[in-house]
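Numbering-wise, this note's numbering comes out as the position in the sequence shown, counting from 1, plus 71.
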Amino acid sequence: MYIHQSACISAQHSFGSADLNKLVPSNQNKMLAIEPSYPQIPPAMLRRMGKAVRMGTGAALTLLPEGGWDGIVIGTANGGMEDCIKFLNQIVEYKEGLLTPGNFVQSTANAIASQIGLQTANRKYNVTHVHRGLAFENALLDTDMFISENPSKTYLVGSVDEISSFNYNIDFLDGWFRKSPASNAQLYIGSEEGTLAGEGASMFNVSGLRQNALASIQRIGTIHGEDPELGKKLFESVISELSVSADETIDLMLSGENGDSRLSRYYEACESLLPDSVTIARFKHMFGEIPTATGIAVWLATQIISSGEIPVHMIKKQTSKKPIRNILIYNNHKGVQHSCILVSAVSG
C-alpha cells in the first residue's frame, strides 16, 4: 500500500505547512487540536458539524483527487461522542418531545465518512471501523484488501477521534489520565500513572502504485492481550520478516509510550529486541493519548521519511545519523490492544 498524499489536524502545527520542531504545550492535561478555518466546507454546514466531523472532513477535502476516491474508509474509536451526549440530554430535557436532529446526525460513528461522501458526491465504498484502539489498523487492513484487487484505484483511509467530556470523564475516573497538573514537555519524567488526553484526524490517499509515492505501508499487525510477551512477539515478527524478505533493518522505532508507568513494560519489552543502531522516538507528548493515535503516527512517519529529520524533542535514544528508510510504529492501547505498523521509504 503506497501513500501518495497525507493531511493531519492535531495539537501541533501539522496542518498545511507542518512545523513540528517547536512543541505546542498542553492545556489542563489535554492536547486540544489546532483547527484550521476549513475553507472547503460551506459555512452553514460547518456550523452544524461536531468537532470530530469537522476535523475528519476538513482534513480529507484537502486531498480530494481529480475524479474522486474509489472508496472511503475511516477508523474511529468514539466518533462524535460529544454530540451523542447532547442528543441524549435533549431527550431528557424535552421529555422526548421536539428534538433537534442535528446532534443525532453528527453523533454516529459513521457520520465522518458519510459527510466526506456527501461533500464529494461519492457513492462508492464507504465504511467506518470502530474497534477502540485498533480502529485505524482495521481501516488499513480493509483498504489493503481492496488495493490488492484494484492496485490502480485511489482510496481515502484515515482516523479521527475527539476529546468529549463524556469519554474524558469516564477515562479520568478510570485512572487513564493524570489527576495532577502535568506538562507534555515533562511527560516521560518520573513514574506516574495516567497520561494526557488528545484528539486529532489523519487522512491519506493510498493506492497500489509506487510512482510518486511518499511512503509505503509494508506491514500491519495487531493482537489482543495483557501479556507483554504478546506485543513483543508481534514486534519481533515484523522485524524478522523485514530482514528475511528485504534484507533490511529497522532504522527508527516510533514508540506509543505515553508516560503512564503501568504501560512502560510493554514498550520496554519491544525495545529490548532492537539493536543499538536503531533510533527510538516518542510522539504522544505531541498529540496526547488518542485511541487512533497510530493514524497520526503514520502521518508523522511519512513526514520523517520525506524530510529525513526527527524533531529533537521526540528522540528517546539517538544513534549515529543515517538515512531513515524503515520506521516501525508500536502502540499499546490501555494495556490490551497491541499494534505494529511498518512504514518504509519508496525506492526510486
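Glycine included, every Cβ here is placed at the ideal spot set by N, Cα and C.
Do the CB positions of residue i and residue j come within less than 7 Å of each other?
i: Ala148; j: Asp232; result: yes
i: Ile412; j: Ile395; result: no
i: Ile80; j: Met126; result: yes
i: Ile145; j: Ala115; result: no
i: Gln76; j: Leu134; result: yes
i: Leu305; j: Ile398; result: no
i: Ile234; j: Glu270; result: yes
i: Thr365; j: Asn403; result: no
i: Ser415; j: Gln289; result: yes
i: Phe358; j: Ala82; result: yes
i: Thr373; j: Leu285; result: yes
i: Pro136; j: Thr225; result: yes
i: Gly150; j: Ala104; result: no
i: Ser230; j: Thr390; result: no
i: Pro110; j: Phe86; result: no
i: Ser287; j: Val369; result: no
i: His384; j: Leu94; result: yes
Given a threshold of 16 other Cβ atoms within 10 Å of its Cβ, counted over all protein chains shown, does residue i qualify as buried or as exposed?
i: Tyr73; result: buried
i: Glu328; result: buried
i: Tyr338; result: buried
i: Arg420; result: What is shown of the chain runs 72 to 419, which leaves residue 420 out entirely.
i: Glu295; result: It is His, not Glu, that sits at residue 295 in the sequence shown. By the 10 Å Cβ count, His295 comes out exposed.
i: Asn240; result: exposed
i: Ser314; result: exposed
i: Asp154; result: buried
i: Gly168; result: exposed
i: Leu227; result: buried
i: Asn283; result: exposed
i: Val309; result: buried
i: Glu208; result: buried
i: Met216; result: exposed
i: Gly379; result: exposed
Identify, in the order they occur along the chain, each residue of the same chain with its Cβ nearer than 8 Å to the Cβ of residue i, setting aside the five sequence neighbours on each side.
i: Glu297; result: Gly406, Val407
i: Trp247; result: Gly265, Thr266, Asp331, Glu360, Lys405
i: Arg336; result: Pro299
i: Glu381; result: Residue 381 is actually Ile in this sequence, not Glu. If we look at Ile381 and ignore the five residues flanking it on each side, its Cβ neighbours are Leu323, Thr350, Ala352, Ile375, Ile395.
i: Asn276; result: Ile74, His75, Gln76, Ser77, Leu134, Pro136, Trp140, Thr225, Tyr226, Leu227
i: Lys387; result: Tyr259, Ser326, Glu328, Ile351, Ala352, Arg353
i: Ser223; result: Ser278, Gly279, Leu280
Looking only at its own chain, which residues have a Cβ that is under 6 Å from the Cβ of residue i, when we skip the five neighbours before and after it?
i: Ser97; result: Asn255, Leu267
i: Ala78; result: Ala130, Thr133, Leu134, Met274
i: Ala340; result: Pro299, Lys303
Which same chain residues, not among the five before or five after residue i, have their C-beta less than 7 Å away from its C-beta?
i: Leu301; result: Ile294, His409
i: Leu212; result: Ile291
i: Ser262; result: Ser332
Would the beta-carbon of residue i be found less than 6 Å away from any heavy atom of the ligand SAH?
i: Ala364; result: The ligand SAH is not part of the structure shown, which contains no ligands of any sort.
**Prompt:** Which whole runs of the beta strand (DSSP E) in the stretch 158-236 are 3 residues long or more, in chain order?
**Reply:** 196-200, 226-232
**Whole runs of the beta strand (DSSP E) within the stretch 253-305, excluding any shorter than 3 residues** = 271-278, 286-295
**Message:** Restricting to runs no shorter than 4 residues, where is the alpha helix (DSSP H) found entirely within the stretch 307-351?
**Reply:** 335-342
**Asked** At which residue ranges does the stretch 347-394 contain complete beta strand (DSSP E) runs of 3 or more residues, listed in the order of the chain?
**Response** 350-353, 386-388
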